[in-house]
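One structure below.
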Amino acid sequence: MNECLESAVRNKKNKKKRQRGRKQPVPAEMAAEPQLAKYWAQRYRLFSRFDEGIRLDRGKIAEHIALRVEHSFPDSQLIIDAFCGVGGNAIQFALAGKRVIYLECIYVS
């Protein structure tokens, strides 16, 4: 029984990998912007759950947050982003000229 279950799980994982490996055309919204298009080939490495709807935008909210932090704490040179996720805020803080320490804690039970 255990071997059968392991085999089914292995087959399911292999099927997902085969589906992911298919060549898909770059979506129009990404093809229009070369800066985004370069990430299309890396989408599964960057976001393993890409096909489940996980996406990144251009970071407008993160840019707004970085500007607000800059105006609120102009003398600060170090920012700690304790729950950075994919790092959108950390990237914008760094682009604003700040030194950034970022981390993401993932608990697996």
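Numbering (the numbering used here), first residue to last: 1 to 109. In this text, a Cβ means the ideal position worked out from N, Cα and C, and glycines have one as well.
Helix, strand or coil for residue i? Go by DSSP, reduced to three states.
{"i": "Val69", "result": "helix"}
{"i": "Gln92", "result": "helix"}
{"i": "Gln24", "result": "coil"}
{"i": "Lys60", "result": "helix"}
{"i": "Glu33", "result": "coil"}
{"i": "Glu104", "result": "coil"}
Looking only at DSSP bridge pairs, what is residue i linked to?
{"i": "Arg99", "result": "Leu78"}
I need the straight-line Cα distance from residue i to residue j, nearest angstrom please.
{"i": "Asp75", "j": "Lys98", "result": "10 Å"}
{"i": "His71", "j": "Gln42", "result": "35 Å"}
{"i": "Cys84", "j": "Ala37", "result": "23 Å"}
{"i": "Lys60", "j": "Tyr107", "result": "29 Å"}
{"i": "Pro25", "j": "Val100", "result": "36 Å"}
{"i": "Pro27", "j": "Gln92", "result": "25 Å"}
{"i": "Ala31", "j": "Tyr39", "result": "10 Å"}
{"i": "Gly88", "j": "Ala62", "result": "6 Å"}
{"i": "Gln35", "j": "Glu52", "result": "23 Å"}
{"i": "Phe73", "j": "Cys105", "result": "26 Å"}
{"i": "Arg68", "j": "Ala96", "result": "11 Å"}
Taking the beta carbon of residue i as the centre, do at least 16 other beta carbons fall within 10 Å, making it buried, or is it exposed?
{"i": "Ala90", "result": "buried"}
{"i": "Asp81", "result": "buried"}
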